[in-house]
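Read the sequence shown against the working numbering and you will find it ends at 182, with the numbers running on by one and no gaps. Single-structure report; data block below.
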Amino acid sequence: MSKNILLFIGLFSMLFIVGCSSKVQTNKLPDSKKYHLPTTNTNRTLNIDKKEKDSFESVLQDFFLKDFTYEEINGTGLKRKIPNKDIYQIGLERGHFQ
Numbered sequence: 085m086s087k088n089i090l091l092f093i094g095l096f097s098m099l100f101i102v103g104c105s106s107k108v109q110t111n112k113l114p115d116s117k118k119y120h121l122p123t124t125n126t127n128r129t130l131n132i133d134k135k136e137k138d139s140f141e142s143v144l145q146d147f148f149l150k151d152f153t154y155e156e157i158n159g160t161g162l163k164r165k166i167p168n169k170d171i172y173q174i175g176l177e178r179g180h181f182q
């Protein structure tokens, strides 16, 4: 009985060692003659009109920040948002928990 167990353990360990020690590359390396990857990076600058940017930001504020009120911080021009409701009430009203 113990010979069968030792034979099984030995056979299993030999198959494990043989299976894990082989070097097979499953994904072949791309052919450098067929594919061309550029080596230089071209920097592009994007110009967005201020009117379009302000319009986009106002739509974002209307969508995401509609449940908040804002108050100015000590006349510095910075605004702090204060939620009208807690986050769970906002989620219930928007239908996230149904």
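For glycine and all other residues, C-beta sits at the position ideal for the given N, C-alpha and C.
Proximity winner among the options, relative to residue i (alpha-carbon distances)
i	options	result
Y154	I171, Y119, Q145 and I166	I166
Inter-residue Cα distance where the pair is residue i and residue j
i	j	result
N139	K163	Note that residue 139 corresponds to Ser in the displayed sequence, not to Asn. If I take the Cα positions, the gap works out to 19 Å.
E141	L130	17 Å
G179	K137	30 Å
I171	L99	57 Å
I174	L113	52 Å
T123	S97	47 Å
N127	H120	19 Å
G159	N125	45 Å
L91	V102	16 Å
N88	F181	60 Å
According to DSSP, residues forming a beta bridge with residue i
i	result
F152	P167
Cut-off 7 Å between Cβ atoms - residues of its own chain near residue i, not counting five sequence neighbours on either side
i	result
K134	none
Cβ shell of residue i (< 8 Å), same chain only, five flanking positions each side left out
i	result
I132	none
I157	K163 and R164
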